[in-house]
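Novice:
Protein chains in written order, with the numbering used here: chain A, 1 to 220; chain B, 1001 to 1219.
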């Protein structure tokens, strides 16, 4: 008696490990691109705020492109463009680069808002106390501006974390791609998507609640 | 650089791409209409209701805001298949985007409702309006004015998010581009033109919203 061949097998404990590993990759790519994006975003935000109109307009227009074109298109474009100029990048590296620029474009606005949140009289006072420009930035603008825009920054960071799911189009096996692979094999989309969604939620929800509470406390 | 760009096939496909761009605009605009209606409902429930209704509204809002939009599309596309509900690609994108928009807009609306002085509602009620009348004629128009700017942003996000339709088989602008790109392997050229189309759509929406604001908010 021949056994019928079954190409599909159920959801098992090993699959959970596979999802966990993929979740680790989601966290890794998110942390990397949020960090790099924040550093460059602060730099761009500072340029937007201090430079004369020509500089601010050109940097602003450049960053605006990344906020006006879907991230998925940016990823595909970069991934196909890099080989043309002789760069051979794997999906992970491409993903980190594109996500970082995207994050930087979003953080730039937040950072500019933070610098502008510190009033002109306050900064004049700092300078007239004998602080240098950078001392003023470090000891006056940074602590006050950070308070003003920290919740907005958390929002951007969580947005980048969620958007990291799009790197799956390049073939990087992060959480959502891993769940797709498992769905193809197990044919149990509901359970697997619920597990994946629960993970994203568990990562994002506490942080967003925390920042909302901070915002409330600081606004008093 | 040894790559030779071939733009001609892209320009030949341009009319199809622009048609697909209209489809993108259509699905984004429809999802905004649903998003505003459900978002208003969710915000009112979250501010006023108790018990299971409040729980359901909060769950909707938090799920929409704390999971990736792509996950939401997959859920409506494949996850519901487990219950035998199979949506068409168009429906997946429309339902997914509406769900997402409603969640984000609900929080904006909640801020808008809170920004209105409570005396507005009491004044309306004391003029003899019912609660429904007061909401429809007094409260909601003022809230919509407060959240006009975030709503414009959400519309831009809806257009950008609709590009995820590509991954669930919907042939809006990105899906159509993907279709052409895989026929000719001129991936970069096609997506570069598509990126420009998205940019123009976004700028048009922002310009229109500014014009509309000038007409609507003349005092």
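All residues carry an ideal CB built from backbone N, CA and C; glycine is no exception. On a predicted model such as this, the values are computed, not experimentally measured, just so you know.
I want to see whether chain B comes within less than 9 angstroms of residue 145 of chain A, judged by CB atoms only; does it?
Specialist: Reading the first chain from its first residue, position 145 is the one you call residue 145 of chain A. False, the Cβ-Cβ gap to chain B never drops below 9 angstroms.
Novice: In its own chain, which residues sit with a C-beta less than 8 angstroms from the C-beta of residue 1094 of chain B, not counting the 5 before and 5 after it?
Specialist: Counting from 1 along the second chain, the entry for residue 1094 of chain B is found at position 94. Within the same chain, residue 1094 of chain B has close Cβ partners 1027, 1030, 1031, 1034.
Novice: Can you find the residues in the same chain that come closer than 7 angstroms, C-beta to C-beta, to residue 1109 of chain B, ignoring five residues on each side of it along the sequence?
Specialist: Within the second chain, residue 1109 of chain B is the residue found at index 109, counting from 1. Here the set comprises 1039, 1040, 1043, 1143, 1147.
Novice: Got a sec? Which residues, its chain only, sit under 7 angstroms from residue 221 of chain A by beta carbon, not counting five neighbours each side?
Specialist: This structure cannot settle anything about residue 221 of chain A, because the visible part of chain A is limited to 1 through 220.
Novice: My parser needs the alpha helix (DSSP H) runs of 4 or more residues fully inside the region 33-72 of chain A; what are they?
Specialist: Segments of the alpha helix (DSSP H) lying fully in the region 33-72 of chain A: 53-68.
Novice: What span of residues does the alpha helix (DSSP H) with residue 1060 of chain B cover, start to end?
Specialist: In the second chain, residue 1060 of chain B corresponds to position 60, counting from 1. Here the alpha helix (DSSP H) through residue 1060 of chain B covers 1051-1066.
Novice: Using only CA atoms, which one of B/1087, B/1089, B/1071, B/1063 lies nearest to residue 1107 of chain B?
Specialist: The residue given as residue 1107 of chain B occupies position 107 in the second chain. With distances taken between Cα atoms, residue 1107 of chain B lies closest to B/1063.
Novice: Can residue 158 of chain A and residue 25 of chain A be called in contact, C-beta distance under 9 angstroms?
Specialist: Counting from 1 along the first chain, the entry for residue 158 of chain A is found at position 158. Counting from 1 along the first chain, the entry for residue 25 of chain A is found at position 25. Contact flag unset, no.
Novice: Count the other C-beta atoms from every protein chain shown that fall within 10 angstroms of the C-beta of residue 1072 of chain B, then say buried if there are 16 or more, exposed otherwise.
Specialist: As a first step, residue 1072 of chain B is located in the second chain; it is residue number 72 there, counting from the start. Under this definition residue 1072 of chain B is a buried residue.
Novice: Taking Cβ positions only, does residue 35 of chain A come closer than 9 angstroms to chain B?
Specialist: Residue 35 of chain A sits at position 35 when you count from the first residue of the first chain. Not closer than 9 angstroms to any Cβ of chain B, the Cβ of residue 35 of chain A fails to qualify, so no.
Novice: Thinking residue 140 of chain A and residue 123 of chain A are a contact (beta carbons under 8 angstroms), I'd like their distance in whole angstroms, please.
Specialist: Along the first chain, read from residue 1 onward, the residue named residue 140 of chain A stands at position 140. Along the first chain, read from residue 1 onward, the residue named residue 123 of chain A stands at position 123. So it is a contact: roughly 7 angstroms between Cβ atoms.
Novice: Can we say the region 1007-1025 of chain B touches the region 1186-1194 of chain B, given the rule of at least three CB pairs closer than 8 angstroms?
Specialist: Enough Cβ pairs lie closer than 8 angstroms, so yes.
Novice: Can the beta-carbon of residue 156 of chain A be found closer than 9 angstroms to that of residue 103 of chain A?
Specialist: Counted from its first residue, the first chain places residue 156 of chain A at position 156. Counted from its first residue, the first chain places residue 103 of chain A at position 103. Yes, the Cβ-Cβ distance between residue 156 of chain A and residue 103 of chain A is below 9 angstroms.
Novice: Can you tell me whether residue 1217 of chain B is buried or exposed? The criterion is at least 16 other CB atoms within 10 Å of its CB, across all chains shown.
Specialist: Residue numbering aside, residue 1217 of chain B sits at position 217 when the second chain is read from its first letter. By the 10 Å Cβ count, residue 1217 of chain B comes out exposed.
Novice: Taking all protein chains shown into account, decide if residue 90 of chain A is buried (16 or more other Cβ within 10 angstroms of its Cβ) or exposed.
Specialist: Against the first chain, residue 90 of chain A aligns to sequence position 90. It counts as exposed.
Novice: Against residue 1163 of chain B, what residues of chain A qualify as contacts under a CB-to-CB distance less than 7 angstroms, listed in chain order?
Specialist: Stepping through the second chain from its first residue, residue 1163 of chain B is reached at position 163. Ordered by position in chain A, the residues that pass the 7 angstroms Cβ test against residue 1163 of chain B are 70, 72, 73.
Novice: Provide the residue span of the alpha helix (DSSP H) that contains residue 1142 of chain B, from first to last.
Specialist: Numbered from 1 along the second chain, position 142 holds the residue referred to as residue 1142 of chain B. From DSSP, the alpha helix (DSSP H) with residue 1142 of chain B extends over 1140-1146.
Novice: Please check if any C-beta of chain A sits within less than 9 angstroms of the C-beta of residue 1168 of chain B.
Specialist: Position 168 of the second chain, counted from the first residue, corresponds to residue 1168 of chain B. Judged by the 9 angstroms Cβ criterion, residue 1168 of chain B is not in contact with chain A.
Novice: Following the continuous alpha helix (DSSP H) through residue 1180 of chain B, name the residue where it begins and the one where it ends.
Specialist: Reading the second chain from its first residue, position 180 is the one you call residue 1180 of chain B. Element bounds for residue 1180 of chain B: 1173-1184.
Novice: Can you pull the chain B residues whose beta carbon is under 8 angstroms from the beta carbon of residue 76 of chain A, in chain order?
Specialist: Sequence index remark: in the first chain, residue 76 of chain A carries index 76 (1-based). In chain order: 1187, 1191.
Novice: List the endpoints of the continuous alpha helix (DSSP H) containing residue 155 of chain A.
Specialist: Here residue 155 of chain A refers to the residue found at position 155 of the first chain. Its alpha helix (DSSP H) spans residues 142-163.
Novice: Mark residue 1202 of chain B as exposed unless 16 or more other C-beta atoms lie within 10 angstroms of its C-beta, in which case mark it buried.
Specialist: By one-based count along the second chain, residue 1202 of chain B stands at place 202. Flag for residue 1202 of chain B reads buried.
Novice: Mind checking if residue 200 of chain A is an interface residue toward chain B, Cβ cutoff 9 angstroms exclusive?
Specialist: Residue 200 of chain A sits at position 200 when you count from the first residue of the first chain. Yes, its Cβ sits closer than 9 angstroms to a Cβ of chain B.
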